[in-house]
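Enquirer: Counting with this note's numbering, you get residues 5 to 214 for the letters of the sequence shown. After the structure tokens below, expect a handful of questions from me.
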Amino acid sequence: MRLILIGPPGAGKGTQAKVVVEQFGIPQISTGDMLREHKAKGTALGTKAAEYMNRGALVPDEVVIGMVEERLKLDDARNGFLFDGFPRTVAQAEALDATLARLGLELDGVVLIEVADELLVERICGRRTDKATGQIYHLKYNPPPPGAELVQRADDKEEVVKERLVAYHAQTAPLVPYYEARGILRRVDGVGDLAQVTARLVAAVSPKAK
Ligand code: AMP
Numbered sequence: 005m006r007l008i009l010i011g012p013p014g015a016g017k018g019t020q021a022k023v024v025v026e027q028f029g030i031p032q033i034s035t036g037d038m039l040r041e042h043k044a045k046g047t048a049l050g051t052k053a054a055e056y057m058n059r060g061a062l063v064p065d066e067v068v069i070g071m072v073e074e075r076l077k078l079d080d081a082r083n084g085f086l087f088d089g090f091p092r093t094v095a096q097a098e099a100l101d102a103t104l105a106r107l108g109l110e111l112d113g114v115v116l117i118e119v120a121d122e123l124l125v126e127r128i129c130g131r132r133t134d135k136a137t138g139q140i141y142h143l144k145y146n147p148p149p150p151g152a153e154l155v156q157r158a159d160d161k162e163e164v165v166k167e168r169l170v171a172y173h174a175q176t177a178p179l180v181p182y183y184e185a186r187g188i189l190r191r192v193d194g195v196g197d198l199a200q201v202t203a204r205l206v207a208a209v210s211p212k213a214k
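In structure tokens, the structure reads:
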């Protein structure tokens, strides 16, 4: 299974990705998580990426593409993967196509999780991560267990979220027609409870849905 999850920030890509990878036994490749790890470790790549992430802009293509190419060389990606948050520009999608072609691999599907803009800001601003488990919660819609030590992503503050939405519409939304033209795009309604959205997603990526 070689899958891509796309959708606006706050659509639930990260949360859903965790369930799907568990079900299909493939690694989740989240460029956002990878960049945040670089940032936390203070690597040169992380320091450069932080300049963009902190203001809600996309990190330059060449930085992300290089990082993904390295990640795809690891053994666990041999039998499949689920990209979450990558590609985010047409240039990244073209680079991924070239890499996969070189490896003789094909994508099985691209799933777009659709959520209207009006709902996204509230979804993102209420988002918290359990520091110990990495589990993502929402203060109102998916409350964390009592006593959990929660952290809020630095870029989940309202001013930054608005910039991330602008970047999504300008730079990432063009991936929809890009993959639609190839006949591999599937749309999933991202509004509903977690389990409902997961069920739609699994149905959309099951081989019989092709
Ligand atoms: P995410 O966790 O996917 O919401 O990503 C958080 C931030 O990391 C984004 O707002 C971007 O600044 C950066 N980022 C993550 N993935 C990419 C990507 N594929 N291309 C460019 N920037 C990215």
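Each residue gets a CB set at the ideal place from its N, CA and C atoms; glycine is no exception. This structure is a prediction, so every number in the text was calculated from the model and none was measured.
1) When you measure from the CB of V63 to every non-hydrogen atom of the ligand AMP, does any distance come out below 7 angstroms?
2) Return the bridge partner residues of L189 from the DSSP annotation.
3) Could you give the DSSP three-state label for T176: helix, strand or coil?
4) Out of D197, Q139, V206 and G108, state which residue places its alpha-carbon closest to the alpha-carbon of L76.
5) For E162, tell me which candidate among V25, R190, L124 and L179 has the shortest Cα-Cα distance.
6) Over the uninterrupted beta strand (DSSP E) stretch that includes T133, give me the two end residues.
7) Verify whether the separation of the beta carbon atoms of E73 and T103 is less than 8 angstroms.
8) DSSP three-state label for K214, please.
9) Name the residue from E55, L143, D160 and L116 whose alpha carbon lies nearest to the alpha carbon of A152.
10) With a 10 Å radius around its C-beta and 16 neighbouring C-beta atoms as the bar for buried, classify S210 as buried or exposed.
11) Is the number of C-beta pairs between the region 171 to 184 and the region 40 to 53 that are closer than 8 angstroms three or more?
12) What are the residues that DSSP puts in a beta bridge with I33?
13) Rounded to the nearest angstrom, what separates P13 and Y172 at their Cα positions?
Expert: For this structure:
1) Here the question's residue 63 lines up with position 59 in the sequence shown. At least one heavy atom of the ligand AMP is nearer than 7 angstroms to the Cβ of V63, so yes.
2) Within the sequence shown, numbered from 1, the residue matching residue 189 stands at position 185. BP columns for L189 point to V114.
3) The sequence position of residue 176 within the sequence shown is 172, counting from 1. The answer is helix: DSSP assigns T176 an H, G or I state.
4) Numbered from 1 along the sequence shown, position 72 holds the residue referred to as residue 76. Of the listed residues, the one whose Cα sits closest to L76 is G108.
5) As a first step, residue 162 must be located in the sequence shown, where it is residue number 158. Of all alpha-carbon atoms in V25, R190, L124 and L179, the one lying nearest the alpha-carbon of E162 is that of L124.
6) Here residue 133 refers to the residue found at position 129 when the sequence shown is read from its first residue. Counting along the chain, the beta strand (DSSP E) containing T133 begins and ends at R131 to D134.
7) In the sequence shown, the residue the question calls residue 73 occupies position 69. In the sequence shown, the residue the question calls residue 103 occupies position 99. Taking 8 angstroms as the Cβ cut-off, E73 and T103 qualify as a contacting pair.
8) Looking up residue 214 in the sequence shown gives position 210. Confidence at K214 is low in this model, with a pLDDT of 48, below 50, so its placement is unreliable and the value that follows should be read with caution. Correct three-state label for K214: coil.
9) The residue labelled residue 152 in the question sits at position 148 within the sequence shown. It is L143 whose Cα lies nearest to the Cα of A152.
10) Reading the sequence shown from its first residue, position 206 is the one you call residue 210. S210 should be labelled exposed.
11) no
12) What you label residue 33 is simply residue 29 of the sequence shown in a count that begins at 1. BP columns for I33 point to F87.
13) Within the sequence shown, residue 13 is the residue found at index 9, counting from 1. Within the sequence shown, residue 172 is the residue found at index 168, counting from 1. For P13 and Y172, the distance between alpha carbons rounds to 8 angstroms.
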